[in-house]
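The structure under discussion appears below in the form of structure tokens.
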Amino acid sequence: MTRTYKNLYPQIYDLENLWRAWRRARRGGKRKWAAVADFEIDLEQNLVALHEELRNLAYAPGAYRHFTIREPKVRRISAAPFRDRVVHHALMQVIWPIFEARMIHDSYACRVGKGTHRAVDRAQAFSRRYPYVLQCDVVQFFPAIDHAILRDQLARHIACTDTMALIDNILDGGVGVLDDHYDMVYFPDDDLFAVNRPRGLPIGNLTSQNWANVYLNDLDQFVKHELRCRAYLRYADDFLLFAGDKATLWAWRSEIIRKLMTLRLTLHEDRAQVYPVKAGIPWLGFRVFPSHRRLKRRNVKAFGRRLRAQRDAYHAGRLTLDELHRSLQAWIAHAEHADTYNLRRDLMKQVIF
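Just so you know, we're using the numbering used here here: the sequence shown kicks off at 3 and counts up by one.
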């Protein structure tokens, strides 16, 4: 029997919860941003105002600010106003533990104690135990997420009307944000209502990241408990299945395509291939082999471009030495998860500060 949770809403608008939410939200951005600074000028009054709006069911999200990033691929990022990010954290602090407890062990995106490097470690461990891998990803995942399906998944466990109303409020605020990034797909038995339902989660929201995990948890449970795949892991909409023979993986591929259709999602079928692990698995910026790892070539080239741009910015006075040092250390820490000693040494020699 599915356990449901009631009376969650007072925990969300509780002032102490909002205070903790503000502290977490400010970590995710630069304090020099005007919106963050404005909020903190009169912090207590702004938190009390959010408390009252939420308590009186009068809270309304603001408009998103959009920008495009091009590394590692072109994506449209949607930044919510800072006060909305505080509300997102306040909501997730209350409801996320409910869903975190239902995630499989090998789901690695946006979870405490997981992340890309743990996912790379796990992929390599599986590659040492199984000779073949099926690599998959979802077409236009964030733009394709169906609000009605997601809402049903959340409502399986949240039996608090006001909390669901807040979730609806946040979902409604993101309607249409990624419409120009979605190519309509028709599924068997579609009617006009299904085709025209709201879809898409803004990339960049804390809520979007966590709800994406909820959305694909149905797939995770299917793969683990119905397909009985022992070696499966997922990071966002990228996932790997390992097995001892190709035929099993090809059969699982067909079942996964059918399962994704129930979520109104489609597999990148041309990229969903079965191959030997000894060929190397392109995974989260690395190429993973049973015996070693390499950084993907395009990632190395991208870092070289960024390093040269940072050198120029430093000499022009647009970047401090401390900011430059932190950026370099972050990349080095990432690169150390592959066999890159010579690469790191040679790349650093190319740029003289």
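Even glycine gets a Cβ: it sits at the ideal position worked out from N, Cα and C.
Check, Outcome
"Whole-angstrom distance between Tyr217 and Asp148, CA atom to CA atom", "9 Å"
"Proximity of Thr165 and Leu17 at Cβ, strictly below 8 Å", "no"
"Inter-residue spacing [alpha-carbon to alpha-carbon] between Arg307 and Asp314", "11 Å"
"Cβ pair count under 8 Å reaching 3, the segment 128 to 148 against the segment 235 to 247", "yes"
"Residues near Arg266 in its chain [Cβ-Cβ closer than 7 Å; skip 5 each side]", "Ala146, Asp148, Ile151 and Phe189"
"Which listed residue (Gly282, Ala121 and Arg87) has its alpha carbon closest to that of Phe41", "Arg87"
"Met105 and Asn219 closer than 8 Å at C-beta", "yes"
"Every unbroken alpha helix (DSSP H) inside the segment 151 to 175 [4 residues or more]", "163 to 175"
"For Arg72, the three-state DSSP class (helix, strand or coil)", "coil"
"Proximity of Cys162 and Lys8 at Cβ, strictly below 8 Å", "yes"
"Outcome for Ile258 when other beta-carbon atoms lying within 10 angstroms are tallied against a minimum of 16", "buried"
"Minimum C-alpha distance to Thr70 - residue among Thr250, Pro204 and Val276", "Pro204"
"Gln275 - containing beta strand (DSSP E), residue span", "Gln275 to Pro278"
"For Gly202 and Asp181, believed in contact at Cβ under 8 Å, the rounded distance", "7 Å"
"Completely contained alpha helix (DSSP H) runs for the segment 210 to 292, where each covers 4 or more residues", "248 to 264"
"Glu228 versus Trp213, Ala214, Trp254 and Gln211, residue with shortest Cα-Cα distance", "Trp254"
"Of the residues Leu251, Gly319 and Ala121, the one placed nearest Gln275, counting alpha carbons only", "Leu251"
"Euclidean distance between Cα positions of Lys261 and His317", "54 Å"
"Collapsed DSSP secondary structure at Ile100 in the structure displayed", "helix"
"Three-way DSSP call (helix, strand, coil) for Asp86 in this model", "helix"
"Distance between Ile100 and Arg158 (C-alpha atoms, nearest Å)", "11 Å"
"Whole-angstrom C-beta distance between Ile14 and Leu156, which should lie under 8 Å", "Incorrect: roughly 14 Å between the Cβ atoms, too far for contact."
"Within 8 Å, strictly: CB atoms of Ser109 and Asn198", "no"
"Local Cβ density within 10 Å of Asp185, reported as buried at 16 or more and exposed below that", "exposed"
"Chain-order list of residues whose beta-carbon lies under 7 Å from that of Arg22 (same chain, five-residue window excluded)", "Gln95"
"Range covered by the beta strand (DSSP E) that runs through Ala81", "Arg77 to Ala81"
"Cβ-Cβ distance between Leu52 and Arg85 below 8 Å", "yes"
"Cross-strand partners of Ser109 (DSSP beta bridge)", "Arg236"
"Other residues of its chain near Ala121: CB distance less than 7 Å, five sequence neighbours each side excluded", "Tyr110, Leu235, Tyr237 and Leu286"
"Among Thr268, Thr118 and Trp213, the one whose alpha carbon lies nearest that of Arg153", "Trp213"
"Given Val290 as reference, the closest of His119, Asp174, Gly246 and Ile79 once Cα atoms are compared", "His119"
"Where Leu93 falls: helix, strand or coil (DSSP)", "helix"
"DSSP beta-bridge partners of Leu136", "Leu243 and Val276"
"Beta-bridge partners of Arg296, as assigned by DSSP", "Arg289"
"Continuous alpha helix (DSSP H) stretch holding Thr118: start and end", "Thr118 to Ser129"
"For Tyr188, the three-state DSSP class (helix, strand or coil)", "coil"
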